[in-house]
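Just below is one structure, and these are the notes that go with it.
As structure tokens, then:
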């Protein structure tokens with residue numbers, strides 16, 4: 015396992031008295047399933063006394079900088095995997111950014127595991143294999159009974175031990191545990207999980223989320239288009255470093271963005287991918 019020096023002290027850290035057991039996972043994933051290259055992000059799993067949270071580490075870094083400097087920096091998480099749930103529950107509260115809005119919706123995400131007798135050694139830890147079908151993909155996980163948390167990255171939980179590794183059979187998503195931390199107090203996330211750096215998440219349903227994503231696809235520059243029309247073209251629009259001079263140029267950018275949205279439509283839960291028109 016990469017960056018696995020933490021494993022020698024993981025057992026001690028896990029059982030120390032604390033309010034937050036924090037585990038850092040490296041997430042390798044493909045924005046586009048047809049590509050060979052994977053993006054890499056560090057993701058945070060916080061196991062608190064009453065709830066569990068999973069989110070991008072860059073959100074945590076941005077929040078820490080704001081707290082130290084009094085700044086108002088913002089960061090948009092690109093993983094699409096910000097979730098919160100009660101301890102020992104499969105009911106997740108999901109958080110997502112759509113254009114300028116920040117939203118939350120609830121899902122029930124039961125994971126049914128098949129535990130194998132197959133094991134492997136990672137440094138001094140014995141990991142056991144488990145498989146599941148979830149979100150339209152087939153997954154293989156390796157968990158450790160010595161770490162008695164039945165949690166793991168994203169929505170993967172319910173095994174008799176912490177998940178160290180999990181990936182789908184096409185290797186679109188690969189999670190690897192790389193670090194652990196022991197925090198004496200429960201870390202507050204209200205500024206970057208439950209809200210988007212001050213803008214509280216708006217409750218919606220999962221069906222409404224699908225509708226909002228489709229509306230965004232249909233006109234990703236609706237706000238810019240509206241202001242452009244109101245000012246008879248005097249309102250300055252800059253998209254990807256290009257200044258838009260007229261509606262024809264804006265329409266071209268709209269088509270380009272729509273192609274990107276369709277190209278990068280590869281969520282971990284493949285069965286919930288938006289069905290954009292082709």
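In my numbering, the protein residues as written are 15 to 292.
Where a beta carbon is used, it is the ideal one built from N, C-alpha and C, also for glycine.
Predicted, not measured: the structure shown is a model, and the values here were computed from it.
Span of the alpha helix (DSSP H) around residue i
i, result
"residue 283", "First-last for residue 283: undefined, no H or E at that position."
"residue 252", "Per DSSP, residue 252 belongs to no alpha helix (DSSP H); it is in the beta strand (DSSP E), 251-253."
"residue 88", "Taken as a continuous stretch (DSSP letters only), residue 88 belongs to no alpha helix (DSSP H), as it is neither H nor E."
"residue 270", "261-277"
"residue 49", "From DSSP, residue 49 is part of no alpha helix (DSSP H); its letter is neither H nor E."
"residue 220", "220-232"
Whole-number beta carbon distance between residue j and residue i, since they are thought to touch under 8 Å
i, j, result
"residue 150", "residue 284", "4 Å"
"residue 7", "residue 129", "Since the displayed the chain opens at 15 and closes at 292, residue 7 lies outside it and no answer follows."
"residue 229", "residue 264", "Residue 229 to residue 264, Cβ: 17 Å. No contact."
"residue 132", "residue 101", "Actually they are not in contact, since the Cβ atoms of residue 132 and residue 101 sit about 29 Å apart, beyond 8 Å."
"residue 77", "residue 206", "5 Å"
"residue 219", "residue 119", "6 Å"
"residue 109", "residue 215", "6 Å"
Buried or exposed (CB count within 10 angstroms, at least 16 for buried), residue i
i, result
"residue 168", "buried"
"residue 57", "buried"
"residue 26", "With a pLDDT of 45 at residue 26, under the threshold of 50, the predicted position of this residue should be treated as unreliable, and no value is reported."
"residue 41", "buried"
"residue 234", "buried"
"residue 261", "exposed"
"residue 95", "buried"
"residue 38", "buried"
"residue 90", "exposed"
"residue 1", "The chain is shown from 15 up to 292; residue 1 falls before or after that span and cannot be answered."
"residue 114", "exposed"
"residue 84", "exposed"
"residue 193", "buried"
Residues near residue i in its chain [Cβ-Cβ closer than 8 Å; skip 5 each side]
i, result
"residue 144", "127, 128, 129, 130, 154, 155, 156, 157 and 173"
"residue 125", "104, 146, 148, 169, 170, 171 and 172"
"residue 112", "223, 226, 227 and 230"
"residue 242", "249, 251, 258, 261 and 264"
Opposing strand residues paired with residue i [DSSP bridges]
i, result
"residue 209", "214"
"residue 187", "43"
"residue 166", "In the DSSP output, where bridge partners are listed per residue, residue 166 has none listed."
"residue 110", "117"
"residue 96", "109"
"residue 66", "61 and 99"
"residue 258", "251"
"residue 173", "DSSP lists no partner for residue 173."
"residue 195", "36"
Residues near residue i by beta carbon distance below 7 Å, same chain, minus five either side
i, result
"residue 225", "none"
"residue 44", "52, 186 and 280"
"residue 201", "34 and 60"
"residue 122", "104 and 105"
"residue 290", "231, 275, 276 and 279"
"residue 99", "65, 66, 105, 106 and 107"
"residue 79", "85 and 87"
"residue 159", "142, 174 and 175"
Residues near residue i by beta carbon distance below 6 Å, same chain, minus five either side
i, result
"residue 93", "55 and 70"
"residue 17", "Below a pLDDT of 50, predicted positions are generally treated as unreliable, and residue 17, at 47, falls in that range; no measurement from the model is reported."
"residue 140", "133"
Host beta strand (DSSP E) of residue i (start-end)
i, result
"residue 242", "Note, residue 242: premise wrong, no beta strand (DSSP E); alpha helix (DSSP H) at 236-244."
"residue 60", "53-61"
"residue 131", "128-136"
"residue 77", "Element bounds for residue 77: not the beta strand (DSSP E) but the alpha helix (DSSP H), 71-83."
"residue 141", "139-148"
"residue 176", "176-182"
"residue 157", "151-158"
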